[in-house]
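To keep things clear, I will list the structure first and then write my remarks on it.
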Amino acid sequence: MTANTANTTIQGTNHGMQIGQNLGNIEAHFQSAEDHCIRDLLTTDPQDDRKRIIQEKGGLLQDSFRWVLECEEFQQWQTNADSHLLWIKGDPGKGKTMLICGILDRLPDREGVNVAFFFCQAADPRLNTATAVLRGLVFMLVNRQPSLRPHLQRRYEQAGKQLFEGTNAWTALSGIFSAMLSDPSLHETFIAIDALDECTVDLPLLLGLIVDQQCSPRREVKWLLSSRNWKIIEEFLDPVVENSKLSLETHERAIASAVAVYIRHEVGKLSKQKRYSENLHNEVFYHLTSEQPSTFLWVSLVCRALAKSSVLNTRKLLLTFPSGLTPLYQRMLKDVLGCEDATLCKSILGVALTVFRPINVDELEGVLELPEFLIQNPQYLLDAISLCGSFLILHEQTITFVHQSAKEFLIETSKDIILADGIPNQHYAIFTHSLKTMSLVLRRDIYHVHDPDTHINSITRPDSDPLASIRYVCLYWVSHLELGIQDHPREFGSLVEVFLHKYYLQWIEAVSLLRRISEGIRAMVKLEMVVQAPCDLGHLREQIYDAVRFIQTHRAAIERFPLQIYFSALLFSPRKSITKRFYQNEMPSWVLDEPVLEDNWSLCTHRLEGHSDTVIRVAWSPKGDRLASGSNDGTVRIWDADTGGSIMVLNGHVGNVTSLEWSPIHEQRLLSCGLERNKTGPWRRWLRLWDLTSGKCIHRIDGDMCIWSKDGFKVAIVVEEKLIRLWDVAAGTILTLGGHDAKIKALASSYFDQLASQAFFGHVIKIWDLRTGTLTATLEHLWVDEFVWSPDGTQLASVSNRGPSTVKLWNPKTSQCIKEFGAEVLSGPPVRGPIAWSQHTNRLVVASSDMMRIFDPIDGQCVLSMPTETTGRYYGPWCSADGTRVAALITSGKEIRIWDLATGEVVSIFGHTGAANALSWFPDGRHIALATDNKVIEFWRTSGFERKAADLDASWPGIDYLAWSHDGMWLLTQQSGNVKVWNSLTKHRTTVAPEKRVYGVSWSPTRPHLGAILNEDRVIIWDPATAEILEEPESLPGLARLISWSRDGNRLAILFRDNSSIAVWEPGSPLTLLDGHNNLPGSVAWSSQCHRLVSFSNEEGSSMIRIWSKTGGSLRCTATIEGPFGDWESISWSRAENTILLWSSDCYAAIMWSSVFGNGTIAGNFELHNMPIIKSELRMYLDPETFMHYLENSSSPDLARINPDHLPPLYKRHAYSISEDKSWINYQNKGLLFLPADYRPNDTPLCIKETASSINLAFGCRSGRVLFFRLSKGNPML
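Number 1014 in the UniProt record's numbering belongs to position 1014 of the sequence shown; there are no gaps in the numbering.
Next comes the structure, spelled out in structure tokens:
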């Protein structure tokens, strides 16, 4: 489902020069992992920018830039080892870009020298951000010096493409870039950035990085910059450039000479192109050179206009060109407004002024209502664009302004002319036309992919791309609505509603095909914010909320497999999902009856997968933009809080990660504690300090737990379980403070950098001053269980539940107990830790076994009591950052409850899959993160109620066994001793004998009746339709453990756990006992004709097989086969009844049996691999049919090697299966339906039943639910 080779087209505007532009597509082919990294890094190749600039200008004119090579500032930068930065600054049109190109041409081009450069462009979001600059520079550095690539590759392997995208891209890339420049092996390096003023996004970050590099410069690195005379740039660069600032305004004479060279070159081209006479040639040259001061841009615009005019009109036209850029722009605008197609020209210019990035000719149709003849004739459309004077240029089908100053002129002085209705109305017009265009273009499977499991990397863009006209509007239609809504606060609602109702799924498919799903999600979140203001759009808000949850929830499927939006996304959306209801007709036609799911969207907004073992710890970064998680798999993962994407994986620990501590002042520092082992030493815990800009461990130190000081400069560490040391991170020094006599249990630091420590089974709390390293107080409390600092650090509370429960409040400065809460306020169950002290509200939360109490620490009064409503274990409390709410994990971590600390009311309840080990509040209190046993991290909204959802949920951790009745009407599920039966049509659920423990169960092969063992002392026949017991034998000779129906459904064979006899029961008749085994029989099986019964037992040193045959109306032992057959779990007959089959979950043997001679020989014996796991407790209750059910749908290829004659009569291989990674339902080994994380099976196999009209599928999910489908017969792929 993945392609080995990815073909990527990077489309956009590759500008390198402000006059001449480099536009078009870069086609690249990537195969290796490193090439995939470069593919995802690359947005535009700066080398192509420079080449196209030079090409656009007709070649690099040596005389136009030679002057800069001789000026003092450049000479100093080039020759002085201590001069690391040259800044070229000047007004628009002075040729700064061409100077950069010329200087780059003169830099050393040899092995061992790196030259990296980037050309900014304000109009293109792919070229106007600080992150884009770093992407271009890093790309050139790793290409020039491959030894630097590991700095990039390591981080890419951790985070993938997301490393270069999202809110943390700058942080990651700046770290990588800085690490490259600090690499000891770095060659001599030149870095050039042109047009800093056109870096419109995060320019201060870029300038700050440049300045930081100058504070501790490497001798090998020299910087070359250019920009306009902007104050913000001057404020950053002036302090560090000293004498290395080259102002073009102070070199007017040199600029004039360079412009003259440029004029000579351009007039020469004009003369050749237009066949000027010598006199006309000279007149044009002298006229242009007489204009003082003239700029490169002014000359370029004039020559462009002369090239479009008739030779006969040249002299007259020359006289009309005013001096200076602004007068020239005014003249150009007058010409546009005076042409016959002025209305069309203004429309095109209006769009160009309003769009968020340059669009190509195809995309113009998506944003502007064009006459039909222009759409049908592309050349006419190109002519219409050319009518816009010299404001716009067209290169390789992309439309952009000739220069940023041209766009600024139109916005500042002429927007009322071009945009007569105002900018907001222009945005709204683009929005409305966007929806109209998308409605005409979008359709299901627009690229004709067909196969539902086709991975996005295997999809190539068609030569005639149906998305060509809407590539821009697919991503920006909401942004235009946002800026245009002010004059249309309500009328947009019906347009959006129709779009969501008819085209939303097709839009998501298109966004996925464009590989821009993140932008799609951001657009929908923005749309949700846009509709909050109008008060009468409640219904639309509900639709948009549902649409947002739809795309967020199913991102994992649709981002990788676009067509799964019509399969997995629709099927696994809640029953009451508005989007699901809108697109009911798009549901797979082969699904006759979909699974029963929740009614509404879960409060869980993200489930983060990546860890391979239980997640132990989670911790939000101080700003809340990232989450760290630690797992038993030894890894620490950093996640993006907005998207839920993995940013990086930190490898180093080997065993469980028990602690995560973010630096309180440095966002890029994280401490973790986990198990490790030296080569010869024992397992022990080590602390690692991580630099998250590089993903590297920068310090490794022995320690069991740790905590930062509040100033972020020191770390308190527990060493050898009992000793506390203070590590000064900056100085690298370690001071031993002291310790406890017993193993230290907890550390906590106060607001004033006081450290409190507590030991297990101790009665003291020690207070240390982290600034001086001295012990300042020892607080004694009878058997300290837990303690907590007050938010202001002036008090400390401790809890003891040995003897009478008590809570004490301490003054750490005086070591005095200032208040004690005793039995008078702590009546009831014993107090248990931990305790919490809320921020801001100043409330102390104390937990006991069945409630939490809220105390006012000032007067010691219990102001609230909050029952937990559970008798099981619970964890907590955890207070929110604002101190208004408190959370606890109830029922051993399977349910979360949140209380309001002011009222004591439960404000939120939600159940989740698995058990949670830790909880962390998001800083703003709107979300919490959970670390779970299911290897996932969950983000939950903290407002709302959601019990464990769906009618088909069972108890966690999942189902042991499932089986269909013979007619496919009923589904049996077993989990431990609990058995439930579901009606596949009504989804009604009935529990079999709810007051009893159910052991062995088996469906009758002829009737929808269930045989079951209750409490081992009863065998019943149960009717699921009436939930009644139909029959049961009067008494049993022992404790029953297994039952097996005969093929005709008339008799039951019963095995016991304390009796070696086999009981045969025909309902309505007494039991018949078959004796002959010395030990307890392991299994029995009926033959197809029901006239034989085979049983086996493991005797001392051998196995015994007995065959019982019907003679004279009763069963008698007619053959005994003994031999060293091994230890087996199940026995059955072959189809021809001449072979006895012995099975276990990992091996198989076939024993040929002769009914004449009564002996047996081995006919086949081999191991089975990848078989389903059968719990040991369950095995003893599985009859042969049940056992074969587990084997027949496994993924093991070994079953195909078994001789068909040596298989049970009912054995059948089905076309449906579960993929090896359990993320797909396959049809004929090809992916059909992607399973979201919460719906993936546990170790039970797919349970399949083919009926006359359908195929029924069922399996138990690892989340605890049961999932079943009713599918039509036939090939669903057709």
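Virtual Cβ for every residue (Gly too), placed ideally from N, Cα, C. Because the structure is a prediction, the values reported are computed rather than measured.
Query: Touching by the beta-carbon criterion (3+ pairs, under 8 Å), the segment 95 to 111 and the segment 266 to 285; Result: no
Query: Within 8 Å, strictly: CB atoms of Ser646 and Gly610; Result: yes
Query: Opposing strand residues paired with Cys879 [DSSP bridges]; Result: Val886
Query: Contacts around Glu594, its chain only, beta-carbon distance under 6 Å, and the 5 residues preceding and following it disregarded; Result: Leu571
Query: Residue span of the alpha helix (DSSP H) that contains Gln213, given as start and end; Result: Leu203 to Cys215
Query: Candidates Leu1267, Ser1253 and Phe1259: closest to Trp590 by CA position; Result: Ser1253
Query: Reduced DSSP secondary structure (H/G/I, E/B, other) of Lys696; Result: strand
Query: Cβ contact (3+ pairs, closer than 8 Å) linking the segment 358 to 365 and the segment 456 to 469; Result: yes
Query: Helix, strand or coil at Ala954 [DSSP, three-state]; Result: Summary for Ala954: the model assigns pLDDT 41, below 50, so the residue's position carries little reliability; its value from the coordinates is reported in the next sentence. Ala954: coil per DSSP, three-state reduction.
Query: Inter-residue spacing [alpha-carbon to alpha-carbon] between Lys346 and Met438; Result: 24 Å
Query: Reduced DSSP secondary structure (H/G/I, E/B, other) of Gly1274; Result: coil
Query: Check whether Val764 and Thr778 have beta carbons under 8 Å apart; Result: yes
Query: Where His84 sits in the DSSP three-state scheme; Result: coil
Query: Other residues of its chain near Ile698: CB distance less than 8 Å, five sequence neighbours each side excluded; Result: Leu689, Trp690 and Asp691
Query: Buried or exposed (CB count within 10 angstroms, at least 16 for buried), Tyr286; Result: exposed
Query: Contact belief for Glu559 with Ser602 at Cβ below 8 Å, rounded distance in angstroms; Result: Going by Cβ atoms, the distance from Glu559 to Ser602 rounds to 19 Å, so no, they are not a contact pair.
Query: Beta carbon of Asn651 nearer than 8 Å to that of Leu675; Result: no
Query: Same chain only: Cβ atoms within 7 Å of Thr320, ignoring 5 sequence neighbours per side; Result: Arg331
Query: Host beta strand (DSSP E) of Gln974 (start-end); Result: Trp970 to Gln975
Query: Where Leu1030 falls, given that 16 or more other Cβ within 10 Å makes a residue buried; Result: exposed
Query: Buried versus exposed, by CB contacts within 10 Å (16 or more), Arg897; Result: buried
Query: Where the alpha helix (DSSP H) through Pro239 begins and ends; Result: Lys231 to Val241
Query: Exposure of Ala742, with buried meaning 16 or more beta-carbon neighbours within 10 Å; Result: exposed
Query: Neighbour flag for Val591 against chain C, beta carbons, 8 Å; Result: Protein chains in the displayed structure number just one, and chain C is not present.
Query: In DSSP terms, what Ile707 is bridged to; Result: Ala716
Query: Closest by C-alpha distance to Trp1133, when choosing among Gln1089, Ala748, Glu1122 and Gly703; Result: Gln1089
Query: Contact check, Lys722 vs His740, beta carbons under 8 Å; Result: yes
Query: For Lys580, the first and last residue of its enclosing alpha helix (DSSP H); Result: Ile578 to Phe582
Query: Where the beta strand (DSSP E) containing Lys1249 begins and where it ends; Result: Cys1247 to Glu1250
Query: Buried versus exposed, by CB contacts within 10 Å (16 or more), Asp774; Result: For the record, residue 774 in the displayed sequence is Thr; it is not Asp. It is exposed - the Cβ of Thr774 has fewer than 16 other Cβ atoms within 10 Å.
Query: Between the CA atoms of Met851 and Asp1243 - distance to the nearest angstrom; Result: 37 Å
Query: N- and C-terminal bounds of the beta strand (DSSP E) containing Phe787; Result: Glu786 to Trp789
Query: Short Cβ contact (8 Å threshold) for Ile578 with Val530; Result: no
Query: Cβ pair count under 8 Å reaching 3, the segment 779 to 788 against the segment 806 to 818; Result: yes
Query: Bridge partner(s) assigned by DSSP for Phe1269; Result: Leu1257
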